[in-house]
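J.: This structure is in structure tokens; I'll ask about it shortly.
Protein chains in written order, with the UniProt record's numbering: chain R, 1 to 472; chain U, 1 to 472.
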């Protein structure tokens, strides 16, 4: 192949992203602005993410449930900051069954209000606590600048909601879920993330604290991959969630919420993808190994099927591509585009030599391995590729995280991308100035010594160390 | 327990249904009319249904995908019968992001229109066919008489959509999925169903043929458990889905759709439930075995945990109920309500005698088994219970399916419930008369000799044999 299938990343990263989403058949724009059609390859990735995340969430003791899509407007209005934060993004149903509704229904942008309404009914005693629920569903937030997976009007996600007896336990849960998310990003998505608390200006509407996992894309922009919110007593007061403690005293509970979405797929594309397409971590690759049957000869077909059975027997998600009516080159390019971690090429020549060709997607290296050991060799490669992708992501993030102590210098360098460690005073005013002057935002507070004694923006005494960068 | 926890079925079946849904903590009404909150026990059942059905659907070669929640009104209007059928049930979004929308968006009542729009883009050649997709999502149909699980404004379901080269292949797919559904109902839900084609009056809006699985509830009413539609060329013409055949000739494709929903849970409740609560088929029971630890003595706790490990090792979904601060009686009643197939009662007395008490939920029989064989005995019971529930469902349906040849007699007997085999002329007029006079509908056409030479309703020559009954 001489012609590039995708716009090169270095030439135009957003165009590369659009190309790879289309050419790898991950998703397309839906008919209504900002909506998305997730095609089978993209959805199969989502199912693998979901299954893995679901197992981790259930491991914390949370149970799955379902709550309604439509939320009465009056529910949203019960928590003042919450409704202020979400109002500009709402989709509103005004007609149902051919008639105008007495009260407009909001299509859920998130479910805190309705879930906490039911928490108030279900929680009576300290014995009912903690109550931990998780919902897999779709939510709608009106987007002015939609982008597939990253920012769509409707997206698929999980939202966790928990009630606890004390504020301290809510804080603990918020941090526990942040850690669940961090490990998921690293172990499953092979993405290295910075974790920390959001500044007040970037907090979830109605939360006392928001914690985030921030990843660094290959174009140097940050992406928020998941958030965990300590809602303190805010929703418990708004919805009057009370329980009687061991002494029979009635107390307000404390709540949390936490979520991750199809946006993670966008992050995975932009962290691992290269000019040849996706590079999927084996943990979430719908096909971990594709056997590319080169010709239609009986011997080749038999050997390919034998190898397929061997790989499946090893627990490897295997696909046999026997479309010999399509050219070998086109099929290779397609599987590269789709990010399949390992390809095994098998034809008459390989049968004669007794060696199959193994191709790694991550570094595109090829090796010839004895046919009778090919399945085990491919299976072993999967772990290696998972580790290599994570190592590359961590190295990239570390190499592109630099301290900065001068605002002018930062303003010049920010367009090159990357994350910047800076001292920050903690004032709202400084966040505004930072954004207006540089287009960058505080991604999160981090647990590190500040690189300077005074705030990057205001020169006031440093109160926090923060990671700053431009973000999706 | 002397006081009945539930309204007895014989006294008031709808009240019994409401009671069991509430007391088994399956679901509650949502805040907006007709909406539903599915609680963890209900949702865990749904997850097991989903996983099993998903495996069967993927086994036919269909792939999962996701399509948008919002459908432009203009899409619905492309297929005339479709929009006529669904218009009265639509929820309409008129405002988004704080502004009135130029074109109102419909919250999908089903996704034929949007899916077929994309089919037209994706299908070019006969090599692209068949194209078979399945979506797990939520849909909204405005309901005037909502009832939890059975008829809710929003429900969870799977909707399959397929494109084929020929009409004959679409018919074949329609029947294949009907068979997948029938086997699922029987093997997994342990529900015996009648299968057959719907009459024209009960057809899906826009279909050439609709096939259905009809189950018989314990109150004698029928419930449509799943449907499979041959859409023929209707949607392919409306959305111009064309492919070039092997000779390069451009042809219209043929399509199908098929769906099952959370309604199946309602069916399961009403087919298997009794005056003590749910009776879950082991295949979809979140806990297949509950170990009821009677006292808090160390020896009891150790033995209970040992048994739990043994059962889990046998692949049984096991729950250890060690809430010894709650009375044994209350806990027994709770697990009966929730329909757990097998209970093992274990306390100091059982340890002394070396025999645990096994309780079957289906027939409520108790047996004492040696402690060291209790896990295997419980596991073996699961298969037996699954079979027994199905056999009871089949027996009930068979015993309550009777031929009828006289309309007056039918009108008298229909209120007692059951399914009636009748001869039918096939005219629309006769369906209308039947409904108005008896409140019954034709559930489906069946492949059997008519019980009389002339139509039950009109006296015209019989064209079909049909099953008639009142339905949910």
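All C-beta atoms, glycine included, are put in the ideal place defined by N, C-alpha and C.
Nearest-angstrom Cα distance between residue 332/U and residue 365/U?
T.: Cα-Cα distance, rounded: 14 Å.
J.: Using the Cα positions of residue 92/U and residue 205/U, report the straight-line distance between them to the nearest angstrom.
T.: Cα to Cα, the separation comes out at about 19 Å.
J.: Can you tell me the Cβ-Cβ gap for residue 222/R and residue 443/R, rounded? I've got them flagged as a contact below 8 Å.
T.: With a Cβ gap of about 5 Å, residue 222/R and residue 443/R count as contacting.
J.: What residues in the segment 326-338 of chain R have a beta carbon less than 7 Å from any beta carbon of chain U?
T.: From the segment 326-338 of chain R, no residue has a Cβ closer than 7 Å to chain U.
J.: Please classify residue 321/R as buried or exposed, where buried requires at least 16 neighbouring CB atoms within 10 angstroms.
T.: Residue 321/R comes out buried.
J.: Could you confirm whether any beta carbon from chain R is found closer than 8 Å to the beta carbon of residue 373/U?
T.: Taking Cβ atoms only, chain R never reaches closer than 8 Å to residue 373/U, which makes this a no.
J.: Alpha carbon to alpha carbon, what distance is there between residue 158/R and residue 46/R?
T.: The alpha-carbon atoms of residue 46/R and residue 158/R are separated by roughly 12 Å.
J.: Starting from the N-terminal side, write out each stretch of the beta strand (DSSP E) that is 3 residues or longer and does not extend beyond the segment 248-325 of chain U.
T.: The segment 248-325 of chain U contains these whole beta strand (DSSP E) runs: 250-252, 254-261, 289-293, 318-321.
J.: Just the chain A side, please: which residues come within less than 8 Å of residue 287/U by C-beta, in chain order?
T.: Judged by its chain identifiers, the structure shown contains no chain A, and its protein chains are R and U.
J.: To which residues of the same chain is residue 265/R closer than 8 Å at the C-beta, ignoring the five residues directly before and after it?
T.: Excluding residues within five positions, the ones whose Cβ falls inside 8 Å are 26, 42, 45, 46, 49, 149.
J.: Just reading off the alpha helix (DSSP H) that residue 82/U is part of, what are its end residues?
T.: 80-86 is the extent of the alpha helix (DSSP H) around residue 82/U.
J.: Which value, in whole angstroms, describes the spacing of the CA atoms of residue 453/R and residue 405/R?
T.: Their backbone Cα atoms lie some 9 Å apart in a straight line.
J.: Quick one: does residue 82/R have its CB under 8 Å from some CB of chain U?
T.: Closer than 8 Å: no.
J.: Can you name, in chain order, every residue of its own chain whose Cβ lies under 7 Å from the Cβ of residue 347/R, other than the five neighbours on each side?
T.: Excluding residues within five positions, the ones whose Cβ falls inside 7 Å are 294, 295, 300.
J.: Buried or exposed: where does residue 144/R fall if 16 or more other Cβ atoms within 10 Å of its Cβ makes it buried?
T.: Result: exposed.
J.: Between which two residues does the beta strand (DSSP E) harbouring residue 164/U extend?
T.: Segment 154-164, the beta strand (DSSP E) holding residue 164/U.
J.: Mind checking residue 111/R: buried by the 16 CB within 10 Å criterion, or exposed?
T.: It counts as buried.
J.: Are the C-beta of residue 1/U and some C-beta of chain R separated by less than 8 Å?
T.: Confidence in residue 1/U is poor, its pLDDT being 43 and thus under 50, which makes the residue's placement unreliable; the coordinate value appears in the next sentence. Chain R contact via Cβ: absent.
J.: Comparing the C-beta of residue 70/U with each C-beta of chain R, is any distance below 8 Å?
T.: Chain R, which has a Cβ nearer than 8 Å to the Cβ of residue 70/U, makes this yes.
J.: Is the Cβ-Cβ distance between residue 411/R and residue 468/R less than 8 Å?
T.: Result no, Cβ atoms of residue 411/R and residue 468/R do not sit closer than 8 Å.
J.: Give a yes or no on whether the C-beta atoms belonging to residue 371/U and residue 354/U are separated by under 8 Å.
T.: Cβ distance < 8 Å, so residue 371/U and residue 354/U count as in contact.
J.: Helix, strand or coil, according to DSSP, for residue 72/U in the structure here?
T.: If DSSP states are grouped into helix, strand and coil, residue 72/U belongs with the strands.
J.: Need the endpoints of the alpha helix (DSSP H) that residue 15/U sits in, please.
T.: Unbroken alpha helix (DSSP H) run through residue 15/U: 13-23.
J.: Would you give the residue range spanned by the alpha helix (DSSP H) that residue 58/U belongs to?
T.: Element bounds for residue 58/U: 40-59.
J.: Given a cut-off of 8 Å on the beta-carbon distance, is the pair residue 23/U and residue 146/U in contact?
T.: Their beta carbons are not under 8 Å apart, which means residue 23/U does not touch residue 146/U by this criterion.
J.: Measure from the C-beta of residue 18/R to each C-beta in chain U and report whether the shortest distance is under 8 Å.
T.: It does not: the Cβ of residue 18/R has no partner Cβ on chain U nearer than 8 Å.
J.: Short of 7 Å Cβ to Cβ, which residues in the segment 310-322 of chain U face chain R?
T.: Answer set for the segment 310-322 of chain U: empty.
J.: Counting only the same chain and skipping the five closest in sequence on each side, list residues whose C-beta sits under 6 Å from that of residue 472/R.
T.: The answer, listed in chain order, is 150, 221, 223.
J.: Quick check: is the beta carbon of residue 43/U nearer than 8 Å to any beta carbon in chain R?
T.: Closer than 8 Å to some Cβ of chain R, the Cβ of residue 43/U qualifies, so yes.
J.: So for residue 77/R, helix, strand or coil by DSSP?
T.: Residue 77/R falls in the coil class under three-state DSSP.
J.: Looking at residue 123/U: is its Cβ nearer than 8 Å to the Cβ of residue 180/U?
T.: Result no, Cβ atoms of residue 123/U and residue 180/U do not sit closer than 8 Å.
J.: Which residues, in order along the segment 53-67 of chain R, keep a beta-carbon less than 7 Å from a beta-carbon of chain U?
T.: Under the 7 Å Cβ criterion, the segment 53-67 of chain R contributes 63, 64, 65, 66, 67.
J.: I need the DSSP call for residue 147/U, collapsed to helix, strand or coil.
T.: In the structure shown, residue 147/U sits in a strand (DSSP, three-state: E or B).
J.: Spell out whether any CB of chain R is found under 8 Å from the CB atom of residue 460/U.
T.: No, residue 460/U does not count as interfacial toward chain R.
J.: Sort out for me which residues DSSP pairs residue 228/U with in a bridge.
T.: Answer is 211/U, 258/U.
J.: Return the first residue and the last residue of the beta strand (DSSP E) that residue 443/R is part of.
T.: Taken as a continuous stretch (DSSP letters only), the beta strand (DSSP E) holding residue 443/R covers 441-446.
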